[in-house]
Amino acid sequence: MKRYRRELSVTACLSALLLVLAVVAPAFFGRQQLLTTLTAAAPVLVAACGMTLVILTRQIDISIGSQFALCSVAAGLMAKAGLPMPLVVLGAVAGGAALGAFNGWLVAGLELPSIVVTLATFVTWRETLRWSREGEFVKDLADGFQWWGLGQGRGQAVILMGALGVFLIGVIFLKKVGAGRFFYAVGSDREAARLAGIRPAAVTFGAFVILGALVGVAAVLNAVRFADVDPKTGTGLEMQVIAAVVVGGVAISGGRGTLWGVLVGVLLLACIAPALVFLKLPPQWEKAIQGAIILLAVAADGEKGKSS
Amino acid sequence: MNPPALQIRTGSRSRPWLRSELLLLGVLIVESLVFARTGTHFATVGNALEILRLSVEIGLLAVVMTPVILTGGIDLSVGSLLGLCAVCFGKLWRDGGLAWPVAALATLGIGGMAGGLNAVLITRLRLPPLIVTLGSLSLFRGLAEAITRGVDNFTGFPPSFLMWGQGYFGGVIPAQAPLGIAVMIGVGLLVHATSLGRSLRAIGFSPEGARYAGVPVGRQITVVYLLSGVAAALAALVYVARVGQAKADAGTGYELLAITAVVLGGTSIFGGTGSVFGTVLGVATLAVLRNGLQLSDQPGELAGILTGVFLLTVLAGEMAFKKYSARRVASGMLQTSTASSKPASS
């Protein structure tokens, strides 16, 4: 029980919020409202699964917002060119993996600090996209693009199932598969991992590639919710995702954390904006409350570290 | 024992930052020469002063970010804090009815308090600065949005205040330039000519080691983040005076520009080595790049792309040099040991 204290305390926070909502504003749990909230959170969850791997290995990636925008626009352009949806998804995932591999090569291969590397790629990709699109939306997409051509209700179900599938595969991979444990090993002690026969550089590279591929998935899951693709999409996504991962209890110093915690973190942060609306509070407080939650969550970590 | 080997070791360790600064100075000169040919009215005194005028805010943030990064920390919240301070200043002046100098002083206090919040979380609770300031980045921007309800825009500031961002001393020198230069020299002296500055490096290399050497680690780190908060407030005042309005989104992304300038200037992101002079060169390189491309009729996005490419090139070059010199030191030490073992065996 003690091992999962953080997961439990964040779950308690989320439950308390949901309980208040159930009493004060039961409309929050209306079918349509709930689906909207959850589908908006689905892309964040998918990206957060990848970010968890990267943070577990003691690295960070702040370029995912730009990767997300590139993948979204690429997916939009591919759909417009008449490619079938499965190929569009595959293309976006491959593109994301390639962008992730570039970061991974710089971090794992050249041993450059990940925060500066991804700061540089963050600026470079975003500006490249701005230059090539000049802010222009990708419009007049094929009929099969929005909601996968299934209509809103079934489209939302596909998005949720996709995100849930990625999450469950991640849980099994990190808990039950040997390769999944490598990420914990490299993050807690790189040298010990090396002596145990793990190649830390390969694992780190892998984490960045997987994150890139999942950002590609997230980009498609997000893009299909709309009729056209905004090239400015994904601005600030990196902060949202890192915040959710940290609130979920993944240690920024690597080697500790679970995907279940991340799931609760994503849900908690995703509920704040709609909760403010339903509790009739000014919606502009969303970011401030999110910031306060992050600080509270890490402060709780600090107190715990001090007492033990 | 073996003089050449020793020379190599001291040579590469005594001033590791000088190398990247020279490199950057070279980039700055080449860049300026190129733009002098391609840009209309680039190589004029007026344009140089204009570049100075526009880079004071980023300069303030970057110069004070240098000691933060020297301690092995980082402050991601400065851009958001700039926004919060700008909005607070506007609120205090317009709705609080304070005279602008009083409101400005209060704003500096708010900046200090915000920096203090970061400092307390980092030093008292021993939390990683990256995460603390990521949280406060959200919090400060959120508070700015909450105060303005996302739409309020403060304008119509008195000319005596706007003068500090739009006026010129003697019709030539931008009014905010002396302020920026004074802060730059002050922080430069603090980092390079005081025991505080030296202890910051020690903390960056090893906080535990510094603690055993008698450095009050918590107090020094607190000073650094307090300074960062006050600098963000100062930058906010200059920003509002220059632009003439205060909105909640002021300074978005400035933290990344400041960090880029610091790292370009040769300060190690892991702490321990770096210089304020390098940071100033970094700020200048970025500012000249932006201005020069603009005057050469190139798209503004190119500046961002080149900034990223610069950053990666400088880092990769530095890492290659570090590995190369480490190998030379290692082979030098090998020679020393074989040379000293020879007489013993014979």
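Chains A and B supply the protein sequences, listed in that same order.
At position 204 of the first sequence the residue is numbered 195 (our numbering), and the sequence of numbers has no breaks.
At position 64 of the second sequence the residue is numbered 802 (our numbering), and the sequence of numbers has no breaks.
Where a beta carbon is used, it is the ideal one built from N, C-alpha and C, also for glycine.
Excluding five sequence positions before and after W116(A), the CB atoms of its chain that fall closer than 8 Å to its own CB belong to S54, S57, Q58, A60, L61 and L90, given in chain order.
Residue range V955 to V981 is occupied by the alpha helix (DSSP H) that includes R957(B).
Of the candidates A83(A), L186(A), L250(A) and G246(A), the residue whose Cα lies closest to the Cα of V206(A) is A83(A). Secondary structure at I911(B): strand, using DSSP grouped into helix, strand and coil. Under the 8 Å Cβ criterion, the segment 797 to 807 of chain B does not count as touching the segment 826 to 836 of chain B, having fewer than three qualifying pairs. Assignment of beta-bridge partners to Y906(B) by DSSP yields P912(B). K278(A) belongs to the set of residues whose beta carbon lies under 7 Å from a beta carbon in chain B. Between A986(B) and L820(B), the C-beta gap is not smaller than 7 Å, which leaves the two residues out of contact. Pairing G903(B) with V976(B) gives a Cβ-Cβ distance under 7 Å. Within a 10 Å sphere around the beta-carbon of Y992(B) sit 16 or more other beta-carbons, which makes this residue buried.
Using a Cβ-Cβ distance cut-off of 8 Å, the segment 118 to 126 of chain A and the segment 1012 to 1019 of chain B are not in contact, since fewer than three pairs of beta carbons, one from each stretch, lie closer than that value. With its beta carbon at least 7 Å from every one in chain B, Q147(A) lies outside the interface.
Remark: C-beta atoms of V211(A) and A66(A) approach each other more closely than 7 Å.
Three or more beta-carbon pairs separated by less than 8 Å are not found between the segment 782 to 795 of chain B and the segment 931 to 943 of chain B, which leaves the two stretches without contact. Interface annotation for the segment 237 to 264 of chain A against chain B: V237, I243 and S244, criterion Cβ-Cβ distance under 7 Å. Excluding the 5 residues flanking it on each side, L1040(B) has same chain C-beta neighbours closer than 8 Å at L1031, in chain order. Cβ atoms of T1005(B) and L808(B) come within 8 Å of each other, at about 7 Å. Not a single CB atom of chain A sits nearer than 7 Å to the CB of V968(B). Taking one beta carbon from each stretch, the segment 44 to 51 of chain A and the segment 88 to 108 of chain A have 3 or more pairs nearer than 8 Å; the two touch.
When C-beta atoms of the segment 151 to 169 of chain A are compared with those of the segment 249 to 256 of chain A, three or more pairs fall below 8 Å, so the two segments count as touching.
The criterion of a C-beta distance shorter than 7 Å is satisfied by E(-2)(A) and G240(A). Within chain B, the C-beta atoms nearer than 9 Å to that of T112(A) come from G1046 and L1050, in chain order.
Interface annotation, L934(B): not in contact with chain A, CB-CB separation never under 7 Å.
Chain-order list of chain A residues neighbouring I1007(B): P104, I106 and V107, by C-beta distance under 7 Å. If you draw a straight line from the Cα of A999(B) to the Cα of I1007(B), it comes to about 12 Å.
Contact between I150(A) and A70(A) is absent: CB atoms are separated by about 16 Å, not below the 8 Å threshold. Scanning L965(B), G905(B) and G1055(B) for the CA closest to the CA of I848(B) turns up L965(B). Within the segment 865 to 878 of chain B, L865, P866, L868, I869, V870, L872, G873, S874, L875, S876, L877 and F878 place their CB atoms closer than 8 Å to a CB of chain A, listed in sequence order.
Taking C-beta atoms as the reference points, L877(B) and A283(A) count as a pair closer than 7 Å. At least one C-beta of chain B is nearer than 7 Å to the C-beta of I285(A).
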